Structures are given as C-alpha cells and as structure tokens.
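Asker: Numbering (UniProt numbering), first residue to last: 1 to 436.
For glycine and all other residues, C-beta sits at the position ideal for the given N, C-alpha and C.
Owing to the predicted nature of the structure, the values given are computational and were not obtained by experimental measurement.
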Amino acid sequence: MALSVALTGCAGAGSIGTSGRTVTIAMVSNSQMQDAQQLASQFEAENPEIDLKFVTLSENQARAKITASTAMGGGEFDVVMISNYETPQWAEYGWLTNLSPYIEQTDGYDADDIIPSLREALSYEGDLYSVPFYGESSFLMYRKDLFEQAGITLSDPPTWTEVAEAAAQLDSPDINGICLRGKPGWGELLAPLDTVINTFGGRWFDENWNAQLNSPEVREAVQFYVDLVREYGQPGAATSGFSECATQLAQGRVAMWYDSTSAVSTLEDPASSNVVGKIGYAAAPVQEKDPSGWLYTWSLGIPASSEHTEDAWKFISWMTDQQYLRTVGEQLGWERVPPGSRLSTYEIPEYAEAAAAYGPITLESIEGADQQNPTVDPVPYTGIQFVAIPEFQDLGTRVSQQISAAIAGRQSVEDALDQAQKYAEAVGATYREKTS
C-alpha cells in the first residue's frame with residue numbers, strides 16, 4: 001500500500017500505488033489539508049485495497065486546474081476540493097456525483113450534523129454534491145496586548161472606521177497596523193474586499209444586472225481598503241494572500257488581520273506562531289450592513305468522470321466525519337481541528353476548551369452568514385465574497401488584478417474601477433439578454 005504525494009507546483013508528480021485501485025485527490029495546500037495527508041496512512045491501514053495519490057496546489061492554481069479537469073470530464077481526479085461557489089453550479093451541469101445516496105448508505109455519517117448554512121450552500125435540488133472538510137466565515141484578529149497597552153477598545157461588531165483608527169494608532173517602524181490581502185485572484189484579494197464593498201452599501205450588479213463597480217458606494221469601499229493597506233499595511237501588500245498574512249500575524253509583525261476564521265489553526269499552534277494566546281477575535285467589521293462576514297467552505301466532491309466512485313467516497317467520508325475531527329485533536333492538537341464543518345465539533349469538551357477564544361464566534365459567524373442577502377440593496381445573485389455565476393472566476397480575477405495594481409501604486413482606484421466596470425458591464429449584458 002503506497003501513499004504518493006505531489007507537492008505544491010508539481011501536480012503531475014507522484015507514483016501509482018501497488019493495489020491497482022488508485023484514488024487521486026486534488027487539494028489546496030493549506031495547513032489543514034497537509035494534516036490530512038499526514039494522517040492518511042490511517043485510512044490506508046483501514047482500506048489496504050485503496051492507494052491514495054495527492055495533488056496539492058496553491059489556491060489559485062487549484063481552482064484553475066480542478067475546474068479545467070472537471071469540466072473536460074477526463075477522469076484525472078477522483079476527489080476534488082471545491083467550495084460553495086463551484087458545487088451548486090457544477091451539480092447543475094452534471095459534472096459532480098450526487099453524494100446523498102452514498103451518505104444514506106454510510107453508517108454513522110450524520111449529514112444533519114453539518115452546519116445548516118454550509119449544508120444548504122453545498123446542495124443542489126435538495127441533495128449534497130460535496131461535503132465540507134472545513135467551513136469558514138471571516139473575522140478580525142487583533143493583538144490583545146497591543147490594544148490594551150494603547151487603550152484601544154472596539155465595538156461589537158467593530159466598525160471599519162474603528163479598525164482604520166486602530167491601525168493608524170498602532171502602526172510603527174516595528175509593527176504594521178494591519179494586514180489585508182492584496183494578491184490578485186477572485187478567491188484572494190476579492191474575498192475580504194467584497195465584504196467591505198457589501199457593508200459599505202456597494203454591489204456588483206443591481207437587480208437588472210447593470211454593473212455597479214463605479215458606483216459611489218463601491219468607490220468609497222475600495223478607496224478605503226486601498227488607502228488602509230497602503231498607509232498602515234504590510235510590505236508587499238499587492239502580493240500578499242492568506243498565507244502571507246497568516247505568517248505576518250503569527251510572527252508578530254502586524255497588529256491586526258481581517259480574514260478567514262480558519263486562520264486560528266496557524267495562529268494558535270505553538271509550532272507555527274509566536275503569538276499564541278495573544279490574539280483577540282472580533283466579528284467582521286461593519287459599516288452599513290451587519291453582519292458582514294463571508295461564507296465559504298473547502299469541501300470534497302467526486303467528479304462524474306471518476307471511475308473509482310465507491311473508493312473515492314470511502315476516502316471522503318473518512319476525511320469529513322466526526323471521528324476524523326477527534327483524531328486530529330487527539331493526535332495533532334485541538335487547535336488544529338478543521339473548524340466550522342460540524343455542529344458536534346463545538347460540543348467536544350477538549351475542543352471547546354482549546355477554542356474558547358475563537359470557537360463560539362466562528363460558529364456564530366458561519367451560522368449568521370446569508371448568501372441569499374449579501375448586500376444592503378437587493379441583487380440578482382447569491383454569494384457574499386463572490387458572485388455565484390460561472391463568469392465570476394474570470395471576471396473576479398480581472399477585477400482583482402486592477403485593484404491589486406492600485407494597491408501597488410501603479411494606477412488610481414478610479415482608473416481601476418473604471419476598467420473593472422467595463423468587464424462587469426460585458427457580463428451583465430449577457431444576463432439582461434437572458435432575462436429580457
């Protein structure tokens with residue numbers, strides 16, 4: 001029985017196992033996924049007839065490669081790590097295997113234990129087409145000790161105005177006031193920025209699919225974000241994504257970070273963080289709309305083209321059931337348990353103790369996120385930090401490139417949004433034609 005791992009950027013690497021039944025898994029190279037690879041030998045021991053081959057990629061690479069492979073139906077992957085953006089769309093296209101029949105036949109796999117907002121987000125016509133490995137919303141992470149020393153307090157939830165004032169007060173030659181993503185990508189820069197746009201009263205399209213990216217509300221939100229990270233943010237902000245900001249806060253180089261609730265696995269792990277126990281957690285900052293946190297889940301699905309569906313489900317059910325979460329806690333540490341997928345996780349005494357600072361706010365944020373009503377004014381789309389249409393992968397990436405260039409100082413926010421508006425107008429026109 002062999003476990004072969006393709007490291008980041010080497011998607012074609014890895015040898016075929018010895019049993020002749022190889023399950024190939026395409027995953028994002030985040031810390032929780034790396035833990036799953038580490039523990040995969042236990043799955044092998046329980047299922048010696050199955051060989052596992054992992055292909056791990058950065059977020060942007062994974063999205064592009066998994067999308068292309070699944071759409072082509074070539075059978076390259078048996079398990080794919082996708083999200084609540086792809087799952088309903090791909091289920092509608094017939095690209096994914098319906099998992100509900102497999103769930104019903106698997107003893108002890110309790111789908112009702114999946115957090116309801118995630119269960120709904122991963123369903124199509126009432127059936128689950130992927131299941132969550134972990135779920136997340138977004139919140140503000142801040143250095144409690146620095147805030148206390150400076151006499152700074154935040155409202156609950158904090159406002160973005162308060163966050164900007166705190167960043168200005170705490171910024172110094174030794175520590176930056178805040179870290180925010182600036183790396184291009186619809187799942188990188190746009191994830192936090194879209195929540196800022198939403199809570200400032202902006203939106204991508206109005207109810208008639210007219211593009212709104214050069215509206216006063218969007219301009220105000222994007223200018224605020226760009227100014228904040230340029231004045232008080234981390235060096236190299238235009239190339240900083242989730243991983244880079246996680247490192248900045250974990251190493252004590254920034255005072256605040258607004259990002260995914262899943263970041264706690266890095267920040268609260270003594271092996272990777274110098275600030276364990278020093279971080280406070282606050283709800284996603286608001287301006288007009290409350291709550292403003294996003295809803296996202298890295299989930300596992302089976303492409304319809306897979307020739308190893310039964311074996312693929314065996315692996316997925318192992319990696320997403322209640323016992324796996326306990327195994328991570330008992331063997332790797334409770335701070336490394338994949339958060340936000342199952343309600344029962346928050347009832348485990350050891351996890352509740354380890355996650356006392358961030359567990360309740362994570363669950364509350366995920367449960368409170370509403371993909372159906374993401375903005376102040378009505379919109380014709382669903383999604384909080386994305387627009388749930390197929391064109392958004394390309395549209396969001398193009399728009400993010402323009403705004404990242406503004407963060408880098410290569411152009412103004414006004415010019416960035418004028419170009420972004422043109423991209424959005426082209427997409428909106430196709431939807432107006434469909435609905436006219």
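1) Give a yes or no on contact between the region 348–368 and the region 176–190, applying the rule of three or more CB pairs nearer than 8 Å.
2) Indicate the three-state DSSP secondary structure (helix, strand or coil) for residue 314 in the structure shown.
3) Is the beta carbon of residue 33 closer than 8 Å to that of residue 56?
4) Within its chain, find whatever has a CB closer than 8 Å to the CB of residue 153; leave out the 5 residues flanking it on each side and keep chain order.
5) Return the CA-CA distance between residue 112 and residue 316, expressed in angstroms with no decimal places.
6) Just confirm the distance between the C-beta atoms of residue 264 and residue 225, as a whole number of angstroms; I'd bet it's less than 8 Å.
7) Measuring straight from C-alpha to C-alpha, what distance separates residue 76 and residue 325?
8) Does residue 208 pass the burial test, meaning 16 or more other C-beta atoms within 10 Å, or should it be called exposed?
9) With DSSP as the reference, label residue 443 as helix, strand or coil.
10) Can you tell me whether DSSP reads residue 171 as helix, strand or coil?
11) Output the boundary residues of the alpha helix (DSSP H) element that contains residue 359.
12) Please state whether DSSP places residue 397 in a helix, a strand or coil.
13) Report the residue ranges of all alpha helix (DSSP H) runs contained in full by the region 61–120; include only those spanning at least 4 residues, in chain order.
14) Smallest Cα separation from residue 118: which of 370, 423, 401 and 386?
15) In angstroms with no decimal places, state the Cα-to-Cα distance between residue 65 and residue 149.
16) Counting pairs of beta carbons, one from the region 256–270 and one from the region 417–431, are three or more of them closer than 8 Å?
17) Where residue 174 and residue 233 are concerned, what is the direct C-alpha to C-alpha distance, given to the nearest angstrom?
18) Check whether the region 401–410 and the region 233–253 touch, using three or more Cβ-Cβ pairs below 8 Å as the test.
19) Using a Cβ-Cβ cut-off of 8 Å (strictly less than) and excluding sequence neighbours within five positions of residue 437, which residues of its own chain qualify?
20) Curious, which full-length alpha helix (DSSP H) runs of at least 4 residues does the region 120–184 contain?
21) Let me check understanding here. Comparing Cα to Cα, which of 128, 164, 432 and 90 lies closest to residue 287?
22) Which term fits residue 434, buried or exposed, when burial requires 16 or more other beta carbons within 10 angstroms of its beta carbon?
23) Taking the alpha-carbon of residue 217 as reference, which of 322, 384 and 417 has the nearest alpha-carbon?
24) I'd like to know whether the C-beta atoms of residue 345 and residue 84 end up nearer to each other than 8 Å.
25) Quick one, which of 203, 221, 110 and 191 has its alpha-carbon nearest residue 159's?
26) May I have the straight-line CA-CA distance separating residue 432 from residue 204, to the nearest angstrom?
27) Have a look at residue 261 and residue 70 and give me their C-alpha separation to the nearest angstrom.
28) Assuming residue 335 contacts residue 231 under a Cβ cut-off of 8 Å, what Cβ separation, rounded to an integer in Å, is found between them?
29) Between which two residues does the alpha helix (DSSP H) holding residue 346 run?
30) So, with DSSP's three-state summary, where would you put residue 418?
31) If the criterion is Cβ atoms closer than 8 Å, does the pair residue 161 and residue 78 meet it?
32) What is the rounded straight-line gap between the Cα of residue 453 and the Cα of residue 124?
33) Tell me which residues share the same chain as residue 228 and place their Cβ nearer than 6 Å to its Cβ, disregarding the 5 neighbours each side in the sequence.
34) Compute the Euclidean distance between the alpha carbons of residue 313 and residue 321, then round it to the nearest angstrom.
35) Between residue 332 and residue 81, how many whole angstroms is the CB-CB distance? I'm expecting something under 8 Å.
36) Between residue 190 and residue 383, what straight-line distance do the alpha-carbon atoms span, to the nearest angstrom?
Answerer: This is what the structure gives:
1) Look at the beta carbons and you see the region 348–368 not touching the region 176–190: under three pairs across the two are nearer than 8 Å.
2) In this structure, residue 314 counts as helix in the three-state DSSP scheme.
3) Contact: yes.
4) Excluding residues within five positions, the ones whose Cβ falls inside 8 Å are 147.
5) When rounded, the distance between both Cα atoms is 17 Å.
6) Wrong, their Cβ atoms sit about 23 Å apart, outside the cutoff.
7) Straight-line spacing of the CA atoms in residue 76 and residue 325 works out to 28 Å.
8) Of the other Cβ atoms in all chains shown, fewer than 16 fall within 10 Å of the Cβ of residue 208; this residue is therefore exposed.
9) Residue numbering for the chain in the displayed model covers 1 to 436; residue 443 lies beyond these limits and cannot be assessed.
10) Coil at residue 171, not helix or strand.
11) Counting along the chain, the unbroken alpha helix (DSSP H) around residue 359 starts and ends at 359–368.
12) When secondary structure is reduced to three states using DSSP, residue 397 falls in the helix class.
13) List check, alpha helix (DSSP H) in window: 86–93 and 100–104.
14) If we check each option's Cα against that of residue 118, 370 comes out closest.
15) The C-alpha of residue 65 lies about 47 Å from the C-alpha of residue 149.
16) Short answer: they don't touch.
17) Going by the C-alpha atoms only, they are around 12 Å apart.
18) The count of Cβ pairs closer than 8 Å, one atom from the region 401–410 and one from the region 233–253, reaches three, so the stretches are in contact.
19) Within the shown structure, residues of the chain are numbered from 1 to 436, placing residue 437 beyond reach of any answer.
20) Whole alpha helix (DSSP H) segments, 4+ residues: 144–150 and 160–170.
21) Out of 128, 164, 432 and 90, 164 has the C-alpha closest to the C-alpha of residue 287.
22) It is exposed - the Cβ of residue 434 has fewer than 16 other Cβ atoms within 10 Å.
23) For the set 322, 384 and 417, the Cα lying nearest the Cα of residue 217 is the one of 417.
24) No, the pair does not count as a contact, with Cβ atoms beyond the cut-off.
25) It is 221 whose Cα lies nearest to the Cα of residue 159.
26) Rounded to whole angstroms, residue 432 to residue 204 spans 14 Å at the Cα level.
27) In this structure, the alpha-carbon of residue 261 lies about 28 Å from that of residue 70.
28) Actually they do not touch by this definition, with Cβ atoms about 33 Å apart.
29) Where residue 346 is concerned, there is no enclosing alpha helix (DSSP H), given that its DSSP letter is neither H nor E.
30) Three-state result, residue 418: helix.
31) Contact annotation: residue 161 and residue 78 have beta-carbon atoms that are not nearer than 8 Å.
32) Residue 453 cannot be examined here, being either before or after the span of the chain that is shown, 1 to 436.
33) Annotation for residue 228: 164 place their beta carbon closer than 6 Å to its own, counting only its chain and skipping 5 residues before and after.
34) Per the coordinates, the alpha-carbon of residue 313 lies some 12 Å from the alpha-carbon of residue 321.
35) Incorrect: roughly 19 Å between the Cβ atoms, too far for contact.
36) Each residue's alpha carbon lies about 12 Å from the other.
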